[in-house]
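FYI, our numbering numbers position 240 of the sequence shown as 1430, with every residue one higher than the one before it.
Take a look at the structure below.
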Amino acid sequence: MRIDAVLHGKVLRQVGAEAAEAERRGHDAVWVTEEGTDPFLHAFAAGQATSRCATGTGIAVAFARNPMIVAQAAWQLAEASEGRFILGLGSQVKAHIERRYSMMWHAPIEQMRDFLDSLQAIWHSWRTGETLDHHGPYYEHSLSAPFWAPRHHEHPIPVYLAAVGPRMLELAGELADGVMLHPFSNRTYEDTVVRGRLEAGLDISGKDLSSLDVSRPLFMVMGDDEEQLMRRRRDACEKLAFYASTRAYLPVLEAIGFGDVQADLARLAHKQRWVEMADLVDGEVLEQFAIIGAPEEMPALARRHLSSFVTRVSSYLGWPIDDEDRLRSILCGFSEATED
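Spelled out as structure tokens, the structure:
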């Protein structure tokens, strides 16, 4: 299992230093987010500051852009990083696409399929010199000339797809190189829903689960003393309660027998009663979504907590450790730990 870092900083000029630090500490990949930032600019900064680890967008909002714009950015990032770039895409939700980005929202599964097909058609044209000729239900790319083609290279561009629901998971298995699971997840949901839907998609493309990279941000509640543990436990409860209040995540709660909690959380969220929301998940619900203990326990706890098909993990809450040697030793444990 590989261990990654997710950079949440919003200052572009600081991204390079943050990525270099993550690589130095032993992370296998650095992911940048679209949280009030341009993920492609941040990915470039991260890629230029690192030499070993992969850099990726986790995620870039696909439907906020068109396939040609994304294809161009990913192509150049793959070249600039000498093949270390991963294109992570997500659909976002209707309200954000229409009201924040002022873009069209269609049927998200079919639109994402066409988006991914468009990317491959564009990259194929650039690699081979063949005429660009993609005619899909939502995107059409049929105008191309050598003048507009980027500089040729042969670096692969892996595409990872963020997925929670069954149909997007199946699409990820069919068309993507990796899937980015949500931090609001649990092993029961992964084993009973995620695995089956991924395998259904993989069957369509003639692949098996071992060919798919599965990335999973994990709530790691850790501390060296009770005060640290309680503070980070509360932080985890607040974030989990916020996610759980959204109806889209109801199936994830239902998988562990806590579906009725969602309505209560939604009601409290509507009244902005945030403290009560966190109280509602502090207990058995938290233990389904998080691992809790000392930092050195995280690799072994993660192995027991996560489904066996997860190939890479990141600490959703970061690491409360300043000692680089200590953290590097802990991170090494993720590749060495075995399930009890």
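Glycine is no exception: its CB is placed at the ideal position from the N, C-alpha and C atoms.
Contact check, residue i vs residue j, beta carbons under 8 Å
{"i": "Val1442", "j": "Ala1426", "result": "no"}
{"i": "Val1222", "j": "Leu1197", "result": "yes"}
{"i": "Ala1339", "j": "Trp1316", "result": "yes"}
{"i": "Pro1510", "j": "Gln1418", "result": "yes"}
{"i": "Arg1255", "j": "Glu1514", "result": "no"}
{"i": "Tyr1350", "j": "Asp1307", "result": "no"}
{"i": "Thr1245", "j": "Ser1281", "result": "no"}
{"i": "Ala1261", "j": "Leu1309", "result": "yes"}
{"i": "Ile1193", "j": "His1217", "result": "yes"}
{"i": "Gln1301", "j": "Phe1374", "result": "no"}
{"i": "Thr1321", "j": "Ser1334", "result": "yes"}
{"i": "His1343", "j": "Ala1233", "result": "no"}
{"i": "Phe1479", "j": "Phe1409", "result": "yes"}
{"i": "Val1182", "j": "Phe1448", "result": "Outside the displayed range of the chain (1191 to 1530) lies residue 1182, so it cannot be described from this structure."}
{"i": "Ser1435", "j": "Ala1468", "result": "no"}
{"i": "Arg1341", "j": "Ile1299", "result": "no"}
{"i": "Val1471", "j": "Leu1507", "result": "no"}
One or two residues paired with residue i in a DSSP bridge
{"i": "His1331", "result": "His1324"}
{"i": "Val1349", "result": "Leu1277"}
{"i": "Pro1407", "result": "Ser1504"}
{"i": "Val1201", "result": "Answer is none; Val1201 lacks a bridge partner."}
{"i": "Asp1414", "result": "Answer is none; Asp1414 lacks a bridge partner."}
{"i": "Val1369", "result": "Leu1351 and Val1404"}
Unbroken alpha helix (DSSP H) run spanning residue i, endpoints
{"i": "Pro1356", "result": "Pro1356 to Leu1365"}
{"i": "Met1191", "result": "Counting along the chain, Met1191 falls outside any alpha helix (DSSP H), and DSSP gives it neither H nor E."}
{"i": "Pro1340", "result": "Per DSSP, Pro1340 belongs to no alpha helix (DSSP H) and is neither H nor E."}
{"i": "Leu1399", "result": "It is not in any alpha helix (DSSP H) - Leu1399 carries neither H nor E in the DSSP assignment."}
{"i": "Ser1525", "result": "Glu1514 to Glu1526"}
{"i": "Ile1389", "result": "A quick correction: the sequence has Glu, not Ile, at residue 1389. Taken as a continuous stretch (DSSP letters only), the alpha helix (DSSP H) holding Glu1389 covers Arg1385 to Ser1395."}
{"i": "Asp1307", "result": "Pro1298 to Thr1318"}
Own chain, CB closer than 7 Å to residue i, minus 5 neighbours either side, in chain order
{"i": "Thr1382", "result": "Ala1445"}
{"i": "Glu1529", "result": "With a pLDDT of 43 at Glu1529, under the threshold of 50, the predicted position of this residue should be treated as unreliable, though the coordinate-derived value follows. So the list reads Arg1493 and Arg1494, once near-sequence residues are dropped."}
{"i": "Glu1389", "result": "Gly1363 and Leu1399"}
{"i": "Ser1497", "result": "Arg1377, Glu1380, Asp1381 and Arg1385"}
Cut-off 6 Å between Cβ atoms - residues of its own chain near residue i, not counting five sequence neighbours on either side
{"i": "Phe1230", "result": "Ala1263"}
{"i": "Pro1327", "result": "Asp1304"}
{"i": "Leu1371", "result": "Arg1406"}
{"i": "Ile1533", "result": "The first residue shown for the chain is 1191 and the last is 1530, placing residue 1533 beyond what the model contains."}
{"i": "Ser1505", "result": "Met1410"}
{"i": "Pro1257", "result": "Phe1305, Ser1308, Leu1309 and Tyr1329"}
{"i": "Glu1288", "result": "Trp1295"}
Close-in-space but distant-in-sequence residues of the same chain around residue i (CB under 8 Å, 5 per side omitted)
{"i": "Gly1206", "result": "Ala1235, Ala1236, Gln1238 and Ala1239"}
{"i": "Ala1438", "result": "Val1283, Val1354 and Gly1355"}
{"i": "Ala1484", "result": "Met1412, Gly1413 and Asp1414"}
{"i": "Ala1366", "result": "Leu1306, Val1349, Tyr1350, Leu1351 and Leu1402"}
{"i": "Gly1273", "result": "His1345 and Pro1346"}
- prompt: Mind pulling the alpha helix (DSSP H) runs of 4 or more residues that sit fully within the region 1206-1286?
  reply: If we require 4 residues or more, the alpha helix (DSSP H) runs fully inside the region 1206-1286 come out as 1229-1239 and 1257-1270.
task: Entirely within the region 1425-1512 and at least 4 residues each: give me those alpha helix (DSSP H) ranges in chain order.
output: If we require 4 residues or more, the alpha helix (DSSP H) runs fully inside the region 1425-1512 come out as 1440-1444, 1449-1460, 1464-1471, 1474-1479 and 1488-1495.
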